[in-house]
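Take the sequence shown: its letter number 174 is residue 174 in UniProt numbering, and every next letter is one higher. Note that the Cβ used here is the ideal one computed from N, Cα and C, for glycine as well. Please read these numbers as outputs of a predicted model, since none were measured by experiment. Heads up: the structure comes next, in structure tokens.
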Amino acid sequence: MEWTAYTFECADEAARESLVAWFDDEHPVDAPDDESCVHGDLVDGDGTERAADLAWVAEYCYVLTGDPVPGLLVESADRWERAAVGTFDSETETCTEAVLYRSNGDDAPAEVARYEGEDGLAGQDMLYRFAMAHRFRFRAFAHAPPAPMLTELFGAFDAVAGMGWGSDLLAEFEAETGVEPTARGVEFLEADPVLDDGEFYEAAGEE
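Quick look at the structure:
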């Protein structure tokens, strides 16, 4: 089985409001009211309903589905700036592929980068790779994971906390994630708007 994680970047406030309204009109997803991670249905271009989970964080929208939703990127392309689509193997919790796109408005989105994930990291390697290489807040899932996870996760919205460029934790970070850190990428991660929701790396010297 697979799951698919969509990440939409929409920094412009007016465009972000338009994207929110578009989701409300075309793909309404109910807010969670229990322990379930499935909050509603997306309707794809063929009229098929697909169970979905959705989260809004600052200028990003995260959508989790089972299979990819045909037409979702093209239909919404005039409402976001960049978007990433990550495909995951639910048995190994590996991001088999993650693709970053840039919107050209009404035209089909242009592919910017394509990556294959490392086995068993549940997409955390991609979270950091996108941050370091593209300053983009990729996530492995939306509000909640698709099922009980085998891999010990940093969390859906975790970020590096107080690591700082030059910290002795950088080597540990690279060993854990397989991603070479950059100064701009570390700064970007430390500015994550959900930093307090879960922190994996503590500042050097802290208990």
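| query | result |
| --- | --- |
| Can at least three beta-carbon pairs, one atom from the stretch 63-78 and one from the stretch 110-120, be found at a separation below 8 Å? | no |
| Which residues does DSSP pair with Tyr6 in a beta bridge? | Val63 and Val85 |
| Near Asp125, what residues of its chain come up, given a Cβ to Cβ distance below 8 Å and the 5 sequence neighbours on each side ignored? | Cys95, Gly117, Glu118, Thr177, Gly178 and Val179 |
| Residues in the same chain with beta-carbon distance under 8 Å from Thr4, minus the five sequence neighbours each way, listed in chain order, please. | Leu64, Thr65, Gly66, Asp67, Pro68, Val69, Val85, Gly86, Thr87 and Phe88 |
| Specify the secondary structure class of Ala133 as computed by DSSP and reduced to three states. | helix |
| Using DSSP with H/G/I as helix, E/B as strand and the rest coil, what is Glu17? | helix |
| Count the other CB atoms, across all protein chains shown, that sit within 10 Å of the CB of Trp80; report buried if there are 16 or more and exposed otherwise. | buried |
| Measure the alpha-carbon distance for His134 versus Val99 and round it to whole angstroms. | 12 Å |
| Please check if any C-beta of chain C sits within less than 8 Å of the C-beta of Asp192. | Considering every chain present, this structure includes no chain C. It has just one protein chain. |
| Identify the continuous beta strand (DSSP E) that holds Leu100 and give its terminal residues. | Thr94 to Arg102 |
| By Cβ distance, which residues of its chain are closer than 6 Å to Ala15, with the 5 residues on each side in sequence left out? | Arg79 |
| For Arg129, which residues from the same chain have a beta carbon less than 7 Å from its beta carbon, with the 5 sequence-adjacent residues on both sides left out? | Tyr115 and Val179 |
| For Asp12, name the three-state secondary structure that DSSP assigns. | coil |
| Can you tell which of Arg102, Gly71 and Met1 has its C-alpha closest to the C-alpha of Phe8? | Arg102 |
| Are the CB atoms of Ala122 and Ala140 nearer to each other than 8 Å? | yes |
| Judging by CA-CA distance, which residue of Arg82, Leu127 and Glu93 is the nearest neighbour of Gly105? | Arg82 |
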